[in-house]
Structures are given as C-alpha cells and as structure tokens.
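Asks: So that you can map any letter, position 150 of the sequence shown is 149 in numbering that gives the first Met the number 0, and since no number is skipped, the others follow by simple counting.
Virtual Cβ for every residue (Gly too), placed ideally from N, Cα, C.
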Amino acid sequence: MNKKLPENFFWGNSTSSMQTEGAWNVDGKGKSVYDIKEATANTSDWHDAIDEYHRYEEDFNLMANQGMNFYRFQISWSRVDPDGDGNFNEAGIEFYDKLIDALLKRNITPMICLYHFDMPLNLAEKYNGFLSRPVVSAFVRYGTEMVKRFGDRVKYWITFNEQNLYHTTEAFKISGYMKGDKTVDEMYQISHHVMLAHAGVANYIHEKTDCLVGGMLAYTEVYPASPNPKDVLYARQINEFLNRDLLDSFVYGRYSHEVMTYVKNHKIEMDYQLNDDEILIQVSSDFLAFSYYRSETINSAKVPDGTVPNQYLDYGAQENPFLQTSEFGWQIDPLGFRDVLTKVYNEYCLPMFPIENGLGVREVYDGKEIQDDYRINYMRDHIQAMKDAVLEDGVEVLGYLGWGLIDIPSSSGNMDKRYGTVYVNRTNHDLKDMQRVPKKSYWWLQRVIKTNGANLNNLETVEAH
0 MNKKLPENFF WGNSTSSMQT EGAWNVDGKG KSVYDIKEAT ANTSDWHDAI DEYHRYEEDF
60 NLMANQGMNF YRFQISWSRV DPDGDGNFNE AGIEFYDKLI DALLKRNITP MICLYHFDMP
120 LNLAEKYNGF LSRPVVSAFV RYGTEMVKRF GDRVKYWITF NEQNLYHTTE AFKISGYMKG
180 DKTVDEMYQI SHHVMLAHAG VANYIHEKTD CLVGGMLAYT EVYPASPNPK DVLYARQINE
240 FLNRDLLDSF VYGRYSHEVM TYVKNHKIEM DYQLNDDEIL IQVSSDFLAF SYYRSETINS
300 AKVPDGTVPN QYLDYGAQEN PFLQTSEFGW QIDPLGFRDV LTKVYNEYCL PMFPIENGLG
360 VREVYDGKEI QDDYRINYMR DHIQAMKDAV LEDGVEVLGY LGWGLIDIPS SSGNMDKRYG
420 TVYVNRTNHD LKDMQRVPKK SYWWLQRVIK TNGANLNNLE TVEAH
C-alpha cells in the first residue's frame, strides 16, 4: 500500500483581504462594510491589518522559504469595484495583477476567493446586501470580470468563503445585511441568493474557461450529546441543513430534498423564483473545499420546540468532555477532521480540499523565538488525521492549507488571537513596526513540507535551524 502523499500535493496558507491588506483608503478603494467598524477594547479597526498591501513581497518570501507551493487569497470587492456598480478600479486590479505575478515567480500556485464577508458599503446600504437580488447580479458581474482578468494565471477559484454560514444566524453579520427583523425567511432568502450568486460565477467559469471552481463550507463535525435518539436526530439534521444541503447544490445543482420539504411544510419564503432552477441545475464542482477548526456537540433538551434546524446550535451546543478546549472555547478534534474528509468523499466522490485549519492562541513576543509547541501539536494531529483519510480511507485530497500562517487579526478583529507560524509585531491598538518573526512552528512546518508530510516528529529530533 502506498503510504505517501501524492507528489503534487499542495501545502500552503489561506487569508482574507480585510485581515491582511490594510490600505483601506488608497488607490481608489471604496469603503467596505468592515471599513466603518470601529475598534473596541478587545479588537482593532480594519484600516491597517498587517499592511499586506505594501508588504506582500516580504510575506511571500517567508512562505516560499517555508516551502509553500499554494496560497489562497481573497480579492477585496470594494478595491476593484469600489461601489459594487461595475465601475471597475484599474489601480485596484493592478495590485492583484502584481500580487499574482509575485506568487508565480516563487512557484506558489494562487487560488482566488471572491468574497470573504467584506461587501462594498454602497451595496449594503442601498440594497441591504444579499437580501436583495440586485446584489446577486452585482456579484456575478464582479466575479466574472475577475475571472476574465486573472483566469489566464489563476486556475483555482472559490466564490464564497464558508458559504454554509449563510444558512445560520451568522448570515445577518456577513451578507451586507444592514436592517430588518432577522427572520428565518430572511435567513433563507440570503442563503438562496448567495447560492444563485455562486452559480452565476461557477457556471461562467465552466462555460468559458479551463479554470477549476469548487464550493466551500465551514465544516464543523457535530456529535449527539448522548445516545438519546433525539440528540442523534438533531446532530443528523444539523449536518443535513448546514452541510449536505449545500454539498448537494455544489455537486448536483439542487438543494437537499429534506430541507426543501421542511421549507414547504413550514411555509418559509426563500424567494425561490421560476427561473432559479435553470441556473442551479447547471452547477457542478471540480473539488469540495472547506475550513475545519473544531467539532460541536448538540444537546436536544436545550433547544426550544419549533427551532429551525439551522439554529439548533445557537441553543443546544455543549462541551464535549472527551476533547480539549482552546482558550477561545473551540474544541480540538483531529478525528472529526478525518471523518469529514472521508464521509464527504465517500458520498460525493470529488477531490477534497481543506483550505483552512489552525489554532488561535494569545502570544507575546519578548525578543526570543516563540515556542508554540501547542500549535505544532495541533497541526501535527490534524495533518496525521488527513494522512489517515488519504492513506487508510482512500480519500483524494488536493492539499492542506493552514489559516493565517502569518499572524493576522481574527475574524472579530482581535489581534490577540494569533494563528500564525510567523509573529507580526502589532497589537489591537498599537501598530508598532509590524516586524515578521518566525515562531518555532515555522521551522517545524518547513520540515513537514520538505518531506511532503512524511516527517511530523517534534522539531527537537532534527538539527537546530
């Protein structure tokens, strides 16, 4: 039996634009919904991030030195299309032109993500974000233009980061939604409109280019809290409503039959119009991408009667006593990672691509190398679980991308929650010099990549770097 990962395996990093670029008001960039968020006691604003706009060459050198051959980044919609109205900003497009060429020069394969929650402010204010269909058209116009501009050099694409979050209460935070009652109807309308927007771009890619595109989920393994059949039912329903519903859409061009039956029975108004079927049925995927950080456990007794399955975890999530919990409350579960890879591949038979994985920890730099063995342990256990899925279960996995492997503010804007193998010298309220300083995990991952995942031993077992 082959016990090695494929020779062409991808090792790399994933980020978003608002968590990296900074330069929020230069070279014609329009405001996004993030640009108006103010700093709080525990978070930064979004104006500077880690100044990737001016320092990407330095960071790409760090990635190349680590051995990375893949980078998934996001285009800021409002940098290239300031108001979201199709009046494209050539200075913003030129920035990504240079960034892509800088990656290719270092033999790093680029993947573009088109949307990571930072909608042009104009679209959010004018249309209430993805609650309105004009924003679907605006996204398809923007997305297809980016494919036209960059598809000659960028062959891997995803449309929406963690698209199943639009199936949850998170939808109202990440879809440009500015006003309304946050009803179940509105949540389903947002998620349906986002799927139509994905379809518009994905179908264009398949019709007009030789590029590859896949759907992307935030996949959280969910366990029943007990053998109580109702706990088991709720865990299965969460997977059906939050994961398989979209996987069916990405692969087969239709929503889950169970979910659509629920919509009909509960008279949910999701704005499903006559011609939508013609758009969705054309959808297919070349791979299935997902983020994986943790698992959840559901206790059905905590969930109020009548709650839509999309929101069970809002009420019924509880700690799993068999797992360790990070300081930010996420339960660490490498076996869940293997299970996601294997069960999804078994069902859909498409290449799997985990494009976010990592551990957020508070860290302080005192002039000495940060000894982040906790991060090494986390990544080692998850990479081993992935290898087991590949080598023991037969899953086709394209690569492994860590999240934010050069420190960036967290999704809430908290610079204290660090995921990187490289420390960036800034805090929530003090930009300092933003010096990049490799941590112990940087050198460990360098060796992992050099051996294509064969050597996951602790760093002490090899010569000092």
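Beta carbon of tyrosine 52, beta carbon of glutamate 89: below 7 Å?
Replies: Here the question's residue 52 lines up with position 53 in the sequence shown. Here the question's residue 89 lines up with position 90 in the sequence shown. In this structure, glutamate 89 does not lie closer than 7 Å to tyrosine 52 by Cβ.
Asks: Just to confirm my understanding: we take leucine 216, look at its own chain, exclude 5 residues before and 5 after, and list those with CB closer than 7 Å. What are they?
Replies: Walking along the sequence shown from the start, residue 216 turns up at place 217. Glu161, Gln162, Asn163, Asn242, Leu245, Phe289, listed in sequence order.
Asks: Could you tell me which of Leu195, Pro303, Gly452 sits nearest to leucine 273, measuring between CA atoms?
Replies: Translated into positions along the sequence shown, residue 273 becomes position 274. Comparing Cα-Cα distances from leucine 273 to each of Leu195, Pro303, Gly452, the minimum goes to Leu195.
Asks: Going by other Cβ atoms of all chains shown within 10 Å of its Cβ, with 16 needed for buried, is threonine 158 buried or exposed?
Replies: Walking along the sequence shown from the start, residue 158 turns up at place 159. Buried.
Asks: Please classify tryptophan 443: does DSSP put it in a helix, a strand, or coil?
Replies: Translated into positions along the sequence shown, residue 443 becomes position 444. Three-state DSSP puts tryptophan 443 in a helix.
Asks: What residues match up with arginine 435 in a beta bridge as DSSP calls it?
Replies: Counting from 1 along the sequence shown, the entry for residue 435 is found at position 436. DSSP, once it has assigned bridges, lists Val423 as partnering arginine 435.
Asks: Alpha carbon to alpha carbon, how far is leucine 113 from glutamate 462? Give it in angstroms, no decimals.
Replies: Here residue 462 corresponds to residue number 463 of the sequence shown, with the count starting at 1. Here residue 113 corresponds to residue number 114 of the sequence shown, with the count starting at 1. For glutamate 462, the pLDDT reaches just 47, beneath the cut-off of 50, and the residue's location in the model is therefore unreliable, leaving the point undetermined.
Asks: Residue range of the beta strand (DSSP E) that leucine 455 falls in?
Replies: Indexing the sequence shown from 1 puts residue 455 at position 456. Premise fails: leucine 455 is in no beta strand (DSSP E) and is neither H nor E.
Asks: Suppose the cutoff is 7 Å on Cβ atoms and the five residues either side in sequence are ignored; what does the same chain contact list for tyrosine 203 look like?
Replies: Walking along the sequence shown from the start, residue 203 turns up at place 204. Cβ within range, chain order: Thr143, Val146.
Asks: Buried or exposed: glutamine 317, going by 16 or more other Cβ atoms within 10 Å of its Cβ?
Replies: In the sequence shown, residue 317 corresponds to position 318, counting from 1. It is exposed - the Cβ of glutamine 317 has fewer than 16 other Cβ atoms within 10 Å.
Asks: Run through DSSP, which three-state label would asparagine 465 get?
Replies: Because residue 465 is not part of the residues shown, which for the chain are 0 to 464, the question remains open.
Asks: For a test of the three-state rule: what should DSSP assign to isoleucine 448, helix, strand or coil?
Replies: Taking the sequence shown and counting its residues from 1, the one referred to as residue 448 is at position 449. Looking at isoleucine 448 - three-state DSSP - the assignment turns out to be helix.
Asks: For alanine 201, which residues of its own chain have a beta-carbon under 7 Å away from its beta-carbon, when the five flanking residues on both sides are left out?
Replies: The sequence position of residue 201 within the sequence shown is 202, counting from 1. Thr158, Val212, Val282, listed in sequence order.
Asks: So is glutamine 330 buried or exposed if we call it buried at 16+ other beta carbons inside 10 Å?
Replies: Looking up residue 330 in the sequence shown gives position 331. With 16 or more other Cβ atoms within 10 Å, it is buried.
Asks: Here's the rule: buried if 16 or more other CB atoms are within 10 angstroms of the residue's CB, otherwise exposed. What is proline 133?
Replies: Numbered from 1 along the sequence shown, position 134 holds the residue referred to as residue 133. Counting Cβ neighbours within 10 Å, proline 133 comes out exposed, since fewer than 16 surround it.
Asks: Which of helix, strand or coil does DSSP assign to phenylalanine 240?
Replies: Taking the first residue of the sequence shown as 1, we reach residue 240 at position 241. Helix, per DSSP.
Asks: Can you give the beta carbon distance from aspartate 332 to leucine 322, rounded, assuming they're within the 8 Å contact cut?
Replies: To locate residue 332, count along the sequence shown from 1; it is residue 333. To locate residue 322, count along the sequence shown from 1; it is residue 323. That belief holds up - the Cβ atoms of aspartate 332 and leucine 322 are roughly 5 Å apart, short of 8 Å.
Asks: State the CB to CB distance for the pair arginine 148 and leucine 400, rounded to an integer number of angstroms; the pair is presumed to be in contact (CB under 8 Å).
Replies: Locating residue 148 in the sequence shown gives position 149, counting from the first residue. Locating residue 400 in the sequence shown gives position 401, counting from the first residue. Between leucine 400 and arginine 148 the Cβ distance is about 23 Å, and since that is not below 8 Å, they are no contact.
Asks: Short of 8 Å in beta carbon distance, which residues of its chain neighbour glutamate 239, apart from the five on each side in sequence? Order them along the chain.
Replies: Residue 239 sits at position 240 when you count from the first residue of the sequence shown. If we look at glutamate 239 and ignore the five residues flanking it on each side, its Cβ neighbours are Ser255, Glu257, Val258, Pro308.
Asks: Is it buried or exposed for lysine 386, if we count other Cβ within 10 angstroms and need 16 for buried?
Replies: Translated into positions along the sequence shown, residue 386 becomes position 387. By the 10 Å Cβ count, lysine 386 comes out buried.
Asks: Quick one: Cα of alanine 101 to Cα of phenylalanine 59, how far?
Replies: Counting from 1 along the sequence shown, the entry for residue 101 is found at position 102. Counting from 1 along the sequence shown, the entry for residue 59 is found at position 60. Cα to Cα, the separation comes out at about 8 Å.
Asks: Alpha carbon to alpha carbon, how far is tyrosine 165 from methionine 67?
Replies: As a position in the sequence shown, residue 165 is number 166, starting the count at 1. As a position in the sequence shown, residue 67 is number 68, starting the count at 1. If I take the Cα positions, the gap works out to 31 Å.
Asks: Closest to glutamate 277 by CA distance: which of Glu355, Ser248, Arg435 is it?
Replies: One-based indexing of the sequence shown puts residue 277 at position 278. Answer by Cα proximity: Ser248.
Asks: Enumerated in chain order, which unbroken segments of the alpha helix (DSSP H) with a length of 4 residues or greater are wholly contained in the stretch 171-210?
Replies: Segments of the alpha helix (DSSP H) lying fully in the stretch 171-210: 183-207.
Asks: Take the Cβ of lysine 207 as the centre, count every other Cβ of all protein chains shown within 10 Å, and call the residue buried at 16 or more, exposed below.
Replies: For the purposes of this step, residue 207 is taken as the residue at position 208 of the sequence shown. Exposed, because fewer than 16 other Cβ atoms sit within 10 Å of the Cβ of lysine 207.
Asks: Can at least three beta-carbon pairs, one atom from the stretch 437-457 and one from the stretch 3-15, be found at a separation below 8 Å?
Replies: Segments in contact, yes.
Asks: Taking only the alpha-carbon atoms, compute the straight-line gap between isoleucine 375 and asparagine 121 and give it to the nearest angstrom.
Replies: Walking along the sequence shown from the start, residue 375 turns up at place 376. Walking along the sequence shown from the start, residue 121 turns up at place 122. In a straight line, the C-alpha of isoleucine 375 is about 42 Å away from that of asparagine 121.
Asks: Just curious, the beta strand (DSSP E) that serine 290 is in, first and last residue?
Replies: Residue 290 sits at position 291 when you count from the first residue of the sequence shown. Here the beta strand (DSSP E) through serine 290 covers 287-290.
Asks: Are the stretch 288-306 and the stretch 351-360 touching by the rule of at least three beta carbon pairs closer than 8 Å?
Replies: Touching, yes.
Asks: Applying the 10 Å Cβ sphere with the 16-neighbour rule, what's the burial state of glutamate 223?
Replies: Stepping through the sequence shown from its first residue, residue 223 is reached at position 224. Per the sequence shown, residue 223 should be read as proline rather than glutamate. Counting Cβ neighbours within 10 Å, proline 223 comes out buried, since at least 16 surround it.
Asks: So, for serine 190: in the same chain, excluding its five sequence neighbours on each side, which residues have a beta-carbon less than 7 Å away from its beta-carbon?
Replies: Within the sequence shown, residue 190 is the residue found at index 191, counting from 1. The answer, listed in chain order, is Tyr165, His166, Ala170.
Asks: Can at least three beta-carbon pairs, one atom from the stretch 262-272 and one from the stretch 294-304, be found at a separation below 8 Å?
Replies: Contact fails: fewer than three Cβ-Cβ distances are below 8 Å.
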